[in-house]
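Everything on this sheet refers to the single structure shown next.
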Amino acid sequence: MPGTHGTGNRAIKGVIFDMDNTLFDFIEAKLSACNAIVDCLGAGDTEDIFGYFLRGVHDFEDWRNIGDYLKDNEIYSKELFCNCCTTYEDIKLQNIQTYPGVEETLSTLQDMGLALAIVTDAHTKNATQRLQRLHLLDSFDALVTTDIA
Numbered sequence: 230m231p232g233t234h235g236t237g238n239r240a241i242k243g244v245i246f247d248m249d250n251t252l253f254d255f256i257e258a259k260l261s262a263c264n265a266i267v268d269c270l271g272a273g274d275t276e277d278i279f280g281y282f283l284r285g286v287h288d289f290e291d292w293r294n295i296g297d298y299l300k301d302n303e304i305y306s307k308e309l310f311c312n313c314c315t316t317y318e319d320i321k322l323q324n325i326q327t328y329p330g331v332e333e334t335l336s337t338l339q340d341m342g343l344a345l346a347i348v349t350d351a352h353t354k355n356a357t358q359r360l361q362r363l364h365l366l367d368s369f370d371a372l373v374t375t376d377i378a
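Using the working numbering, read the sequence shown as starting at 230 and increasing by one per residue.
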């Protein structure tokens, strides 16, 4: 029967995925973005900036982490902050790449008639941008994010 696999009440009707670091390497994309901030500033250390995102003071994707880094290094200005955030977002999105076999796996699951969904801690805008960038958005029947959950 199309759309179900298994027997009886245990038939599989769909597959739910996490997104970041499941379908694609988000950490490497963030590291590339942090490196771009270093290039923008002409000084600093990629790992130091990345460490601000790991502290847990703000959300893992919150730009205030960049602002804190600039303030702690006594180089904060509104203009510099805005430039760094724009650079960070652009480079992060450009560097997202799917893990090997993701597209083929999703296609196979769709061919089996299974519903596909993503549940992620990313916000809708970020999740949608990443999936569009990778041409995967149309592969999923549902997207559940923290701001709409």
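Even glycine gets a Cβ: it sits at the ideal position worked out from N, Cα and C.
These numbers come from a predicted model, not from an experiment.
Of the residues assessed, D249 falls on the buried side of the cut-off, its CB having 16 or more other CB atoms within 10 angstroms. Cβ atoms of I377 and T357 stay farther apart than 8 Å, at about 11 Å. Spatial neighbours of A351 in its own chain (CB-CB distance under 8 Å, excluding positions within 5 residues in sequence) are listed in chain order as M248, D249, E290, R359, T374, T375.
The alpha helix (DSSP H) runs of length 4 or more contained entirely in the segment 286 to 362 are, from start to end of the chain, 293 to 301, 307 to 323, 331 to 340, 353 to 362. By the C-beta density criterion, I295 is buried, having at least 16 other C-beta atoms within 10 angstroms. As the crow flies, the alpha-carbon of L343 is around 12 Å from that of T334. Between F253 and I320, the C-beta spacing is not below 7 Å.
Out of T337, R362, N312, the CA that lies nearest to the CA of V244 is found in T337. When C-alpha distances from T315 are compared across A262, T349, G280, I304, the shortest belongs to A262. Here the C-alpha atom of T327 lies approximately 30 Å from the C-alpha atom of R239. A residue is called buried once 16 or more other Cβ atoms fall within 10 Å of its Cβ, and N302, having fewer, is exposed. One Cα belongs to A265, the other to Y298, and the distance between them is close to 14 Å. Per DSSP, reduced to three states, the secondary structure at L252 is coil, with no helix or strand assignment.
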